[in-house]
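Numbering (the working numbering), first residue to last: 84 to 283. All C-beta atoms in this analysis are idealised placements derived from N, C-alpha and C, irrespective of residue type, glycine included. To keep things clear, I will list the structure first and then write my remarks on it.
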């Protein structure tokens, strides 16, 4: 198994890069975010790698950091999510926003990725809710632990605040704090009202 590759960047394409390691070119599939942050061809580069071995091929998936690789592993553990879909999700959604989406059961965020419909997005946030703890940065851990438990109501409240012009990450935090203040019986209107107070 290959865990990482360090060499010279040779080629960058739409969904992969080629890295030359001591004269051997390795084709590494990457998310759009990883590809966008690569240096120019000819420059040194390092990938954290996930290796998938099948009967007819060996694929390497490269990531700028271990955290993105860990998300890739989590996403591909969900039924119906292959490597291509996992990379599409990681291309469309940053790690912090993905953590918040899973914690809030906000499938609309996940469904922004190419190839992810509402049904699959719902399965992803449901299956991963109990698994994201190890990926939560310390600054976000309290927010995730206090995430609203009612997926539909919190999702509607967050969407309403976003429609009012607030950033999704800010709206998420405001709804989390609103839910903590109001309690389990918080309705959408209450979450929006208190959320607006938190954002003012």
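From what residue to what residue does the alpha helix (DSSP H) around residue i run?
{"i": "residue 155", "result": "149-159"}
{"i": "residue 281", "result": "271-282"}
{"i": "residue 255", "result": "251-265"}
{"i": "residue 198", "result": "Premise fails: residue 198 is in no alpha helix (DSSP H) and is neither H nor E."}
{"i": "residue 169", "result": "166-175"}
{"i": "residue 118", "result": "115-119"}
What does the Cβ neighbour count give for residue i, buried or exposed, with the cut at 16 atoms within 10 Å?
{"i": "residue 266", "result": "exposed"}
{"i": "residue 268", "result": "exposed"}
{"i": "residue 220", "result": "Only weak support is given to the placement of residue 220: the predicted model assigns it a pLDDT of 46, under 50, and the value that follows is read from those uncertain coordinates. Residue 220 comes out exposed."}
{"i": "residue 226", "result": "For residue 226, the predicted structure reports a pLDDT of 46, less than 50, and the residue's modelled location is therefore unreliable. The matter cannot be settled from this model."}
{"i": "residue 96", "result": "exposed"}
{"i": "residue 117", "result": "buried"}
{"i": "residue 114", "result": "buried"}
{"i": "residue 170", "result": "buried"}
{"i": "residue 176", "result": "buried"}
{"i": "residue 247", "result": "exposed"}
{"i": "residue 241", "result": "buried"}
What residue range is occupied by the uninterrupted beta strand (DSSP E) comprising residue i?
{"i": "residue 91", "result": "87-95"}
{"i": "residue 129", "result": "127-136"}
{"i": "residue 102", "result": "99-104"}
{"i": "residue 143", "result": "141-146"}
Hey, residue i and residue j: beta-carbon distance below 8 Å or not?
{"i": "residue 262", "j": "residue 244", "result": "no"}
{"i": "residue 258", "j": "residue 237", "result": "yes"}
{"i": "residue 111", "j": "residue 88", "result": "yes"}
Assuming residue i and residue j form a contact by the criterion Cβ under 8 Å, report the distance between their Cβ atoms to the nearest whole angstrom.
{"i": "residue 182", "j": "residue 199", "result": "Not confirmed; about 17 Å, so no contact."}
{"i": "residue 162", "j": "residue 195", "result": "The Cβ separation is near 20 Å, so there is no contact."}
For residue i, tell me which candidate among the options has the shortest Cα-Cα distance.
{"i": "residue 164", "options": "210, 95, 87, 91", "result": "210"}
{"i": "residue 86", "options": "106, 129, 122", "result": "129"}
{"i": "residue 133", "options": "278, 94, 147, 108", "result": "147"}
{"i": "residue 180", "options": "101, 253, 105, 282", "result": "253"}
{"i": "residue 126", "options": "101, 197, 278, 260", "result": "101"}
{"i": "residue 285", "options": "84, 143, 90", "result": "Outside the displayed range of the chain (84 to 283) lies residue 285, so it cannot be described from this structure."}
{"i": "residue 158", "options": "142, 193, 131", "result": "193"}
{"i": "residue 197", "options": "167, 260, 178", "result": "167"}
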